[in-house]
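Residue numbers (UniProt numbering): 1 to 311.
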Ligand code: A2P
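Here's what the structure looks like:
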């Protein structure tokens, strides 16, 4: 088993989870089944990935086949931007629970500090101002009702996390953010550590499929490939192991069974301190910026406002 990290709820979160963003319908179900059979115990989902129903079918089959029981798994999902207002929260989680065929989630996250008009696409013209404390109060109710055993946020800057911590009755358990050797999140990690919020890393491989063809390749970075060569590991394994050693859970997406297994083989070896230090040389570029959250009138005025100058 790949280990786990403690949450401020008293529960633990498995150190490695299967990411399902960009996992195509038709492939995601088999990937979830293969991952859990291989030993994954966390699956990271979201309705916006368009595949929760298929994930739900795979989970049902895993339970029916006796591979695992519900309580062996840690399932995360997220409140999409179109539902980022208190009145939409109860229905949104219920749809996700129905699609995943579950009674409860282990973790439910506000997908980001962005709101879009109901039923619209992620485009700047569809953005609306959002009231995070109000949405959070609705999330707290879900937690109290037992539908979400932990609640948290995603894509929150240090400043937005701090502001939420100042008003939350139930503090967020997790901030799930882009984090990999090419976007290391030192400042946010320090804040999370000092406030007891667990940092969970999405796109821990630098998201080769999602980041766009012009984005720098994290897995192809010479520092990473050189360390991988010296440790006789793959660049993906070094990126994931780096994340674990920094104290964060990692959520690599793959629908390829060999890579699913490769990404789990990161627990019984270590990157030595001097090689961890070399990773600090990697130039830092945030790959996923959510430009659609910016609008001159309705949304954030600029990317600087959205990310509070932290990118
Ligand atoms: P695939 O699903 O074909 O394996 P991230 O988790 O950072 O978003 O990255 C996901 C991307 O990285 C997907 O395109 C995935 O493709 C690819 N990927 C996953 N695991 C590995 C690996 N071990 N080596 C290289 N690429 C990988």
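Virtual Cβ for every residue (Gly too), placed ideally from N, Cα, C. Keep in mind the model is a prediction, meaning the values are calculated, not measured.
If one requires a minimum length of 4 residues, the alpha helix (DSSP H) runs lying completely within the stretch 175 to 248 are 186 to 195, 222 to 231 and 235 to 245, in chain order. Under DSSP, residue 289 shares a beta bridge with no residue. Set against 7 Å, the gap from the CB of residue 263 to the closest heavy atom of the ligand A2P is smaller. Closest in alpha carbon position to residue 239, among 192, 163, 183 and 199, is 183.
Taking the C-beta atoms as reference points, residue 249 is found no nearer than 8 Å to residue 75. The alpha-carbon separation between residue 28 and residue 20 amounts to approximately 7 Å.
Around the C-beta of residue 176, 16 or more other C-beta atoms lie within 10 Å, and the residue is accordingly described as buried. Per DSSP, the beta bridge partners of residue 127 are 116. Taken from the Cβ of residue 225, every heavy atom of the ligand A2P lies 7 Å or farther away.
Annotated as distal: residue 297 and residue 303, with beta-carbon spacing of 8 Å or more. The beta carbon of residue 38 sits closer than 7 Å to those of 260, 261 and 264, all from its chain and outside the five residues before and after it, given in chain order. Around the CB of residue 44, 16 or more other CB atoms lie within 10 Å, so the residue is classed as buried. Boundaries of the beta strand (DSSP E) harbouring residue 6: 4 to 6, taken from the DSSP string. An exposed status is given to residue 120, since fewer than 16 other beta-carbon atoms sit within 10 Å of its beta-carbon.
178 is the residue among 131, 178, 118 and 80 whose C-alpha sits nearest the C-alpha of residue 251. Checking the DSSP bridge columns, you'll see residue 148 partnered with 105.
For the pair residue 198 and residue 5, the CB atoms are nearer than the 8 Å cut-off. Counting along the chain, residue 93 sits inside the alpha helix (DSSP H) bounded by residues 89 to 100.
The three-state reading of DSSP puts residue 48 in helix, counting H, G and I together. Shown here for residue 99: same chain residues with a beta carbon closer than 6 Å to its own, the five before and five after excluded, namely 52, 53 and 56 in chain order. If you look at residue 302, you'll find it isn't in any beta strand (DSSP E); DSSP assigns it neither H nor E. For residue 200, the shortest C-beta to heavy atom distance toward the ligand A2P is 7 Å or greater. At least 8 Å separates the beta-carbon of residue 32 from that of residue 68. As a beta-bridge residue in DSSP terms, residue 76 pairs with 44 and 107. Following the DSSP letters along the chain, one finds residue 165 in no beta strand (DSSP E) but inside the alpha helix (DSSP H) bounded by residues 158 to 167.
Under the Cβ criterion (8 Å, minimum of three pairs), the stretch 132 to 149 counts as touching the stretch 161 to 169.
Judged by beta-carbon spacing, residue 237 lies beyond the 8 Å limit of residue 267, meaning their Cβ atoms are not closer than that value. The closest heavy atom of the ligand A2P lies less than 7 Å from the beta carbon of residue 256.
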